[in-house]
Amino acid sequence: MNQVPPMVTMTIDGTKVAVPKGTTVYQAAKGAHIEIPIFCYHDRMPPLGACRMCLVKVEKMAKLQTSCTLEAADGMVVSTIAPEVKAGQEAILEFLLINHPLDCPICDKGGECPLQDQTYAFGPGRSRFIEPKRDFAKPVSLGRVLVLDRERCILCWRCVRFGEIIAGDDALKGFERGFHSEINTPFTLPVESKFIGNTIAICPVGALTAKPYRFAARPWDNQAVSSVCTLCGVGCAVDFDVRGGAITRTRARESPAVNDIWLCDLGFFGHGYVHHSERLRRPLVRQDGNLVETTWDNALDLVAHRLRAAPPSRVAMLGGARLTNEDAYVAGRFFRGVLGTNHLDHRIDTRPQSASQSVPWGMAVSIAEIDQADVILLVGCDVTEEYPVLWLRMKRAIAHGAKVIAVTPKALEIHRFVDHHLVHRYGEGAAVVRALTGSHVEDSRAGGLGGVDSAAITAAAARLGGATRALVMIGRAALEAPDGVEAAAAVRDLAARLSVPVNVMRGKGNAFGAALGGLLPDAGPGGRPLADIAGDLQQIWNRAVAPQSGMTAPEIVETGAQGGLDVLYVVAADPATDVLDHTQWKAARARLPFLVVQDAFLTQTAQVADVVLPALVAPEKDGTVSSIEGRIQRLHAAVLGPGEARQDWTIFAALAERCGAEMAYSGWEEIFDEMQALIPGLALDARMNPMGGAIGRPARTPPPPVRAEAPSADFPFVLIPGEALFARGAMSARSAAIADLAGEPWAMMHPDDAARLPVAEGDAIVLQSPHGAAAVRVKVSTAVLAGQVFLPRGYDGAAANALADAAEALTRVRAIALTPTSAGAGSGEVGRRTP
-2 MNQVPPMVTM
8 TIDGTKVAVP
18 KGTTVYQAAK
28 GAHIEIPIFC
38 YHDRMPPLGA
48 CRMCLVKVEK
58 MAKLQTSCTL
68 EAADGMVVST
78 IAPEVKAGQE
88 AILEFLLINH
98 PLDCPICDKG
108 GECPLQDQTY
118 AFGPGRSRFI
128 EPKRDFAKPV
138 SLGRVLVLDR
148 ERCILCWRCV
158 RFGEIIAGDD
168 ALKGFERGFH
178 SEINTPFTLP
188 VESKFIGNTI
198 AICPVGALTA
208 KPYRFAARPW
218 DNQAVSSVCT
228 LCGVGCAVDF
238 DVRGGAITRT
248 RARESPAVND
258 IWLCDLGFFG
268 HGYVHHSERL
278 RRPLVRQDGN
288 LVETTWDNAL
298 DLVAHRLRAA
308 PPSRVAMLGG
318 ARLTNEDAYV
328 AGRFFRGVLG
338 TNHLDHRIDT
348 RPQSASQSVP
358 WGMAVSIAEI
368 DQADVILLVG
378 CDVTEEYPVL
388 WLRMKRAIAH
398 GAKVIAVTPK
408 ALEIHRFVDH
418 HLVHRYGEGA
428 AVVRALTGSH
438 VEDSRAGGLG
448 GVDSAAITAA
458 AARLGGATRA
468 LVMIGRAALE
478 APDGVEAAAA
488 VRDLAARLSV
498 PVNVMRGKGN
508 AFGAALGGLL
518 PDAGPGGRPL
528 ADIAGDLQQI
538 WNRAVAPQSG
548 MTAPEIVETG
558 AQGGLDVLYV
568 VAADPATDVL
578 DHTQWKAARA
588 RLPFLVVQDA
598 FLTQTAQVAD
608 VVLPALVAPE
618 KDGTVSSIEG
628 RIQRLHAAVL
638 GPGEARQDWT
648 IFAALAERCG
658 AEMAYSGWEE
668 IFDEMQALIP
678 GLALDARMNP
688 MGGAIGRPAR
698 TPPPPVRAEA
708 PSADFPFVLI
718 PGEALFARGA
728 MSARSAAIAD
738 LAGEPWAMMH
748 PDDAARLPVA
758 EGDAIVLQSP
768 HGAAAVRVKV
778 STAVLAGQVF
788 LPRGYDGAAA
798 NALADAAEAL
808 TRVRAIALTP
818 TSAGAGSGEV
828 GRRTP
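Here it is as structure tokens:
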């Protein structure tokens, strides 16, 4: 039990101040609303005392003291306004300005620059320095989004310490000494970080600036609109800065319960898609084989006609995670209450045999509780690629002594912070998790259980057994694996032994909100089973709702491929890239009489649609969204949509009217009120418990897992489909900064496999399966075991689903080298027999 620290009483500028023991003088002054200037100090990092700007006078101390490092003591008397303090502050500012250029009129930091503000408030009126200033080449590009101006840098070390203490990536470092000191990247390589936008935000001068925002606006030109980032499932609080009807930048907004004050770079730089030139502006219909623009009335009339003509059993809907809660709810009401079909699902990126079909998605603990864990178990959860800001929470827990155990088919980027890293063969993770409970038999194959050494498993099990506040997370890499059902059961049993809940880290964007709104084949709003909620729905909707379960997303695609659908309606999703078997999707499209796509871009799916309806994107919408922890947050429209694009719920309301149903709403508030009548406890900032509420519950019990097959001479590599933060499909590909960060499609293989091919880092290869091919650049790393190839899913040009077969739990591939390499002469191939 935490004990309350004793209080100490001190005097600052004649004011009595009582603070807990351990508080610094600077913190005490700030709490008493007494201003002390700072540069190096940041309240999320331990004090450093490097800039000397926070000097104060303390009675009975001979010299001025740095208030950020000085602990408050009982009876201490401090002055922040003594002449000596004023002289010291002026001297520090004069010293800093000796080499600082007078770039204010052209500096992006102008108008929100602490150095600028403190020079006016605390600095001398003039400079005595007449010598030439320090001269550096400028600006220096440190990667795809970051620009460094070394002349402006005041060496406060905030950016360096952020990488060391908060992010753990050591992205920036200090080099040289004295007059030649500078900040740069190790070996002057492009910066490697998923959080570099934060260093720009905390830089007290214009030394670090963002390429996408460079010279775009002055802070007084921007209008800040508070909203939520929906590019992953964390739901970080953000401010969109808007100028002239366009978003100029995204900034983190403080939210202690969610993202604190940080964002990942996907959040900082991912808004570019909003104003992309390829945004859909008017409805499109197919005429003579081509998509041509038409009016909303014509498009809606055509869609409504085809929907009314089709039997409900032959109508299906695939939704996506880019809908708001209200969009999802109204979509569910339209398809269930107006059209009479329960064939609707948002889980389009799952396999038929996947555990994702049978476990409730979402976090059982709050995001803020991550800080308090003493042991963190990650099973198939690549946190920096899927939910990056949660890693910053974990890093804080690690700083407090937490230990990390990872059971993954690919070593995590954060591997140096992982105490027990159990990298296993893909599809064999369940056995490793079972082994952590002590209930396993040694694997007879080389390399131990699943390729993991038994001693490593024993050590990890001992660590886990000593946990008092364990945090257990299972992610997509485990749930979608061939042994995903077994892995989910093993994790559940292990968590039960530890007396902690399981956090199912599954779902992008507002996937949780899509489920909450009712886009599940067997559950209505709030995840309530149809059999339980059908009566309530009929009372509110004035329409009967069938209590029988509909088809899941994989079943919808399979039925379409068999010719069992008349109309498929796709909204805020791209099955062509998201469905795990692209070949099956193409077969479904070929036999589908009518396809409607409602989206912001002409995605691969939209390109083959019969009707395309232009929709708004998140920064253009009003409403609510739900995070991976089930938190309901307010989404504010920051800008207007392009052309005639509409919010999704308004489109469904217009279609309902054409189908003879009254479904009009005055705004998102009326929809939210209606949802509250069906979902107990629904409220802004409330957490809807995914375990208790059964959000993401299965449509039916999944089939037993498929065992991995023996390696094939023709296709010797096991494909590990996975996640890459900056490769996220339609939205990220159309954000220039994120597309640059994502780079070319790539695959990762073990050095031994690369040597046999032979290929070297960056060489071009083709991965082939019996079902398709993908051209990528190779990354050579021991992060994967020999015989395994990791391929991110989100690249449009090299989609992992082009290689997969829905009927097979495991995808096997061969690799063909396309370019000469220093690893060996000519090109080569691994996996094809010599004729």
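Residues in the sequence shown are numbered consecutively from -2, following our numbering. Glycine residues also receive a C-beta, built at the ideal position from the N, C-alpha and C atoms. Model, not experiment: these values are computed from the prediction.
Selection from the options that minimises the alpha carbon distance to residue i
i      : options                           : result
Pro526 : Arg655, Glu552, Leu675 and Asp575 : Leu675
Trp259 : Gly160, Asp342, Val239 and Ala213 : Gly160
Ile471 : Val482, Thr465 and Gly463         : Val482
Ala365 : Gly627, Arg49, Leu99 and Pro406   : Gly627
Ser178 : Cys104, Asn195 and Asp146         : Asp146
Val188 : Glu552, Val157 and Ala328         : Val157
Leu186 : Val786, Glu323, Phe176 and Lys170 : Lys170
Ala428 : Asp711, Ala464, Asp450 and Val289 : Asp450
Asp640 : Ala724, Pro34, Ala29 and His273   : First, the residue type needs correcting, since residue 640 is Gly and not Asp in the sequence shown. Answer by Cα proximity: His273.
Ala508 : Arg460, Thr321, Val469 and Thr21  : Thr321
Ser76  : Gly657, Gly11 and Val372          : Gly11
Thr338 : Gly515, Ala569 and Lys208         : Gly515
Cys37  : Leu61, Gly140, Met7 and Cys200    : Cys200
Pro309 : Asp533, Gln545, Ala739 and Asp40  : Gln545
Ser224 : Leu143, Glu251 and Phe212         : Glu251
Ile395 : Asp379, Ile373, Pro406 and Val380 : Ile373
Val362 : Glu758, Met685 and Ala29          : Met685
Glu477 : Arg348, Leu152 and Arg811         : Arg348
Assigned secondary structure, residue i (DSSP; H/G/I helix, E/B strand, else coil)
i      : result
Gln644 : coil
Pro2   : coil
Trp743 : strand
Glu290 : strand
Gly693 : The pLDDT assigned to Gly693 is 42, lower than 50, so where the model puts this residue is not dependable; a value taken from the coordinates is nonetheless given after this. If DSSP states are grouped into helix, strand and coil, Gly693 belongs with coil.
Asn219 : coil
Pro755 : coil
Ile395 : helix
Asn295 : helix
Phe591 : strand
Val564 : strand
Asp257 : strand
Ile668 : helix
Glu552 : helix
Gly557 : helix
Ile717 : strand
Leu186 : coil
Gln113 : helix
Thr574 : helix
Leu143 : strand
Val137 : strand
Beta-carbon separation (whole angstroms), residue i vs residue j, contact threshold 8 Å
i      : j      : result
Val554 : Gln581 : 6 Å
Val593 : Glu617 : Val593 to Glu617, Cβ: 21 Å. No contact.
Gly547 : His340 : 4 Å
His418 : Ala403 : 5 Å
Leu565 : Leu589 : 6 Å
His768 : Ala801 : 7 Å
Gly242 : Asp105 : Between Asp105 and Gly242 the Cβ distance is about 21 Å, and since that is not below 8 Å, they are no contact.
Ser64  : Val22  : 4 Å
Sheet register partners of residue i (DSSP bridge)
i      : result
Asp342 : Leu315
Pro611 : Asp596
Val622 : Gln630
Ile9   : Thr12 and Val75
Phe237 : Val222 and Thr247
Leu446 : Val449
Thr206 : Val144
Ile762 : Val773 and Ala814
key: Completely contained beta strand (DSSP E) runs for the segment 464 to 533, where each covers 3 or more residues   = 467 to 472 and 499 to 502, all fully within the segment 464 to 533.
key: Continuous alpha helix (DSSP H) assignments of at least 4 residues falling wholly in the segment 16 to 93   = If only complete runs of 4 or more residues are kept, the segment 16 to 93 shows the alpha helix (DSSP H) at 22 to 28, in order along the chain.
inquiry  = Give the list of continuous beta strand (DSSP E) stretches no shorter than 3 residues that lie fully inside the segment 766 to 809.
reply    = Qualifying beta strand (DSSP E) stretches, in chain order: 769 to 777 and 785 to 789.
query = Which ranges does the alpha helix (DSSP H) cover as unbroken runs of at least 4 residues, wholly within the segment 397 to 438, from first to last along the chain?
reply = The qualifying runs are 426 to 433.
message = Please give the ranges of any beta strand (DSSP E) in the segment 330 to 385, keeping only runs that are unbroken, at least 3 residues long and fully inside the region.
response = Counting only runs of 3 or more, we get 372 to 376.
task = Enumerate, from N- to C-terminal direction, the unbroken alpha helix (DSSP H) stretches of 4 or more residues contained entirely within the segment 151 to 200.
result = You should have 155 to 158 and 193 to 199.
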